[in-house]
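Trainee: Structure provided below as structure tokens; questions to follow.
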Ligand SMILES: [Zn+2]
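Residue numbers (the UniProt record's numbering): 1 to 339.
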């Protein structure tokens, strides 16, 4: 079939895990290590993890995990020095970014959609977008009385924030699809990357009535509608595939043609899927800190995402997961369970 060995290995490990999934409680894959590294004393300095395998775009749960991962290193602390090693990432950095960051205290860390927002006591907010290949490296947090050296600078370390307690947060981005910007905190909802984004899926303004109104009369496939950031914030390909599988809705079904009962079921399922993934990210972060960082991306699988040809995990369904391409992106679904 022309599959490379890596793919075959993945298929084999997935098939092996299907039986376990039929009986065991479902476990989420741990994606978060791909976006966040926390370097601690027990790690040798040369051991900076290198991520080589293809990874998906970070979605809301991964960004939430990264935000929580950098919180201990940044919250309440002063940026003693900001190192900005190039003029741009995906877009040019704001003017004098290093000067504007230096000396500011971090008053809050928040997330809006897939953006991390770092509020500063200067009245500005630092917006961080991981893009496709962006990663955060946290180092130098004091544990006990020891002093922990930082890892050596690496290629693609574009922005390094040296905190006043010697913690360090490094933004590394090989492909430079990430972004950073500064804006007045009071006007953050007007920022061009944020102003058109719909409600947070875990927030109060996202409910059954809202979603029903947004989908009403819409001729686009439900998959595209849920990926539309103007309708709901932060959902990407992985989690929309998972949500539609749980909802039993075919990804190509026209959004406006879905019964109101099924539309209503989408809201709690979206919350459930995201909440589970955030919890998995949080626990992977704890595991990561206790292990050598080699956590099982391959140990757990999504229920449908990236499982083309594998058995459906619904009990008593003997069909295989199929893949179709919608608007240039793969949709994974079970042809029997999803109508
Ligand atoms: Zn099925």
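From the three backbone atoms N, C-alpha and C, an ideal C-beta is built for every residue, glycine too.
Going by the C-beta, is residue 102 closer than 7 Å to any heavy atom of ligand 1?
Mentor: No, since every heavy atom of ligand 1 falls outside the 7 Å radius drawn around the Cβ of residue 102.
Trainee: Does DSSP put residue 203 in a helix, a strand or coil?
Mentor: Coil.
Trainee: Would the region 192-201 count as touching the region 104-122 if we require 3 or more Cβ pairs under 8 Å?
Mentor: Touching, yes, given that three or more Cβ pairs across the two stretches are closer than 8 Å.
Trainee: Just to confirm the assignment, what range does the beta strand (DSSP E) spanning residue 118 have?
Mentor: Start and end: 115-120.
Trainee: Residue 98: which of 59, 305 and 182 sits nearest, CA to CA?
Mentor: Per the Cα distances, 182.
Trainee: Return the chain-ordered list of same chain residues with a C-beta closer than 7 Å to the C-beta of residue 75, the five sequence neighbours on each side being excluded.
Mentor: Around residue 75: 106 and 109.
Trainee: The alpha helix (DSSP H) that contains residue 71, what's its start and end?
Mentor: Where residue 71 is concerned, the enclosing alpha helix (DSSP H) stretches over 60-74.
Trainee: What would DSSP say about residue 273, mapped onto helix, strand or coil?
Mentor: Three-state DSSP puts residue 273 in a helix.
Trainee: Less than 8 Å between the beta carbons of residue 159 and residue 83, yes or no?
Mentor: Cβ atoms of residue 159 and residue 83: closer than 8 Å.
Trainee: Using 8 Å for Cβ pairs, my map puts residue 256 next to residue 338. What's the rounded Cβ distance?
Mentor: In fact, because the Cβ distance is near 18 Å, the residues do not count as touching under 8 Å.
Trainee: Give the secondary structure of residue 324 by DSSP, where H, G and I count as helix, E and B as strand, and everything else as coil.
Mentor: Residue state, collapsed to three classes: strand.
Trainee: Residue 37: buried (16+ other C-beta within 10 angstroms of its C-beta) or exposed?
Mentor: Classification for residue 37: buried.
Trainee: What's the C-alpha gap between residue 130 and residue 185?
Mentor: Residue 130 and residue 185: Cα-Cα distance of roughly 20 Å.
Trainee: Under a criterion of Cβ closer than 6 Å to any non-hydrogen atom of ligand 2, which residues qualify, in chain order?
Mentor: Absence of ligand 2 is noted for the structure shown, with ligand 1 being the only ligands found.
Trainee: Whole-angstrom Cβ separation of residue 178 and residue 90, contact assumed at under 8 Å?
Mentor: Right, the Cβ-Cβ distance comes to about 6 Å (below 8 Å), so this counts as a contact.
Trainee: Using the DSSP secondary-structure output, state which residues sit across from residue 329 in a beta bridge.
Mentor: Beta-bridge pairing links residue 329 to 326.
Trainee: Examine the Cβ distances between the region 235-249 and the region 207-220 and report whether three or more of them are shorter than 8 Å.
Mentor: Output reads no: the region 207-220 does not touch the region 235-249.
Trainee: What's the C-alpha gap between residue 171 and residue 271?
Mentor: Cα-Cα distance, rounded: 29 Å.
Trainee: Closest by CA to residue 94, which one among 66, 128, 103 and 68?
Mentor: Considering only alpha carbons, the answer is 128.
Trainee: Along the beta strand (DSSP E) that carries residue 157, what are the first and last residues, could you check?
Mentor: Taken as a continuous stretch (DSSP letters only), the beta strand (DSSP E) holding residue 157 covers 157-163.
Trainee: Since residue 77 and residue 167 are thought to touch, with beta carbons under 8 Å apart, how far apart are those beta carbons, to the nearest angstrom?
Mentor: Residue 77 to residue 167, Cβ: 7 Å. Contact.
Trainee: On the DSSP bridge assignment, give the partners of residue 90 in chain order.
Mentor: DSSP, once it has assigned bridges, lists no residue as partnering residue 90.
Trainee: Any contact of the region 219-235 with the region 321-335, i.e. 3+ C-beta pairs under 8 Å?
Mentor: Judged by Cβ distances under 8 Å, the region 219-235 makes contact with the region 321-335, as three or more pairs qualify.
Trainee: Counting only the same chain and skipping the five closest in sequence on each side, list residues whose C-beta sits under 8 Å from that of residue 85.
Mentor: Excluding sequence neighbours, residue 85 sits near 157, 158, 159 and 160.
Trainee: Taking Cβ to Cβ, would you say residue 252 is nearer than 8 Å to residue 324?
Mentor: Yes, the Cβ-Cβ distance between residue 252 and residue 324 is below 8 Å.
Trainee: Using CA coordinates, which residue listed in 35, 322 and 310 is at the minimum distance from residue 134?
Mentor: The shortest Cα separation from residue 134 among 35, 322 and 310 belongs to 35.
Trainee: Taking only the alpha-carbon atoms, compute the straight-line gap between residue 139 and residue 307 and give it to the nearest angstrom.
Mentor: Distance between the alpha carbons of residue 139 and residue 307 is about 35 Å.
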